Amino acid sequence: MSSKNLYVDLSLIDVDNPIADIETIRQYNPQRHEMEQLTAIVYENIEKHQCVGYKDITREEFWIRGHMPGMPLMPGVVMLEAMAQLSSYFVQAHNLLDAQVVGFGGLEEVRFRGPVVPGDRLFLICELTKVRPRRMIVCRFQGVVNGTIVVDGVLKGIPLPVDSLQVKD
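Residue numbers (the numbering used here): 1 to 169.
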């Protein structure tokens, strides 16, 4: 796929002036430490239900040592987690699902099309195609490095039952 097939034209986005940095993202997403997979949010279009963020891939990522020694390659499941966090941020920031926390509900039509390695900036694009408050969201997504789509598919998000999942002391 060429860049003309992107859901959002990345060349029109000012990545030097993020809409949300990591501190703002933390207001909406519960992941912390090694599991934080977003660096910044750089674009939102509420009417089209589109959001763009990115993850800067560093040599300090938790997966570098083991995936794979001598050839560090971002695991596909981590790319999908980054996409889930982007869609969760967008849904929570605009209260589209009416839920405390958004969790994975499913994945469809996922294709990995290229590698993501340390030094890359992985742009994440999500576009919500269905919103059912208190039930589910569906979004199509793309991950892009240097103008090339490296992953795409469809993600479903569901409200998580926070009260029953919290650890009781």
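Note that the Cβ used here is the ideal one computed from N, Cα and C, for glycine as well.
Remember, predicted model here, so these are calculated numbers, not experimental data.
- The residue among ASP98, VAL150 and GLN31 with its C-alpha nearest the C-alpha of PRO159 is ASP98.
- For ARG135, there is no enclosing beta strand (DSSP E), since its DSSP letter is neither H nor E.
- CA-CA distance, LEU38 to GLU23, rounds to 11 Å.
- Sorting VAL144, ASP163 and LEU155 by C-alpha distance to the C-alpha of LEU10 places VAL144 at the top.
- In the structure shown, the three-state DSSP call for THR129 is strand.
- When beta bridges are read from the DSSP output, ALA82 appears opposite no residue.
- Excluding the 5 residues flanking it on each side, LEU155 has same chain C-beta neighbours closer than 7 Å at MET83, ALA84, SER87, LEU107, CYS139 and PHE141, in chain order.
- CA-CA distance, ILE149 to VAL167, rounds to 39 Å.
- Beta-carbon to beta-carbon, ILE137 and LEU96 are separated by about 7 Å, close enough to satisfy the 8 Å threshold.
- Unbroken alpha helix (DSSP H) runs of no fewer than 4 residues, entirely contained in the stretch 7-81, are found at 22-26, following chain order.
- Fewer than three beta-carbon pairs drawn from the stretch 101-121 and the stretch 43-51 are found closer than 8 Å, and the two stretches are therefore not classed as touching.
- Taking all protein chains shown into account, MET74 has 16 or more neighbouring C-beta atoms within 10 Å of its C-beta and is therefore buried.
- Excluding sequence positions up to five before and after PHE104, its CB lies within less than 8 Å of the CB of ALA84, LEU155, LYS156, GLY157 and ILE158, all in the same chain and listed in chain order.
- With contacts defined by Cβ atoms closer than 8 Å, THR58 and PRO18 do not form a contacting pair.
- Closest option to ASN29, judged by alpha-carbon separation, among ASP120, HIS94, GLY70 and ARG65: HIS94.
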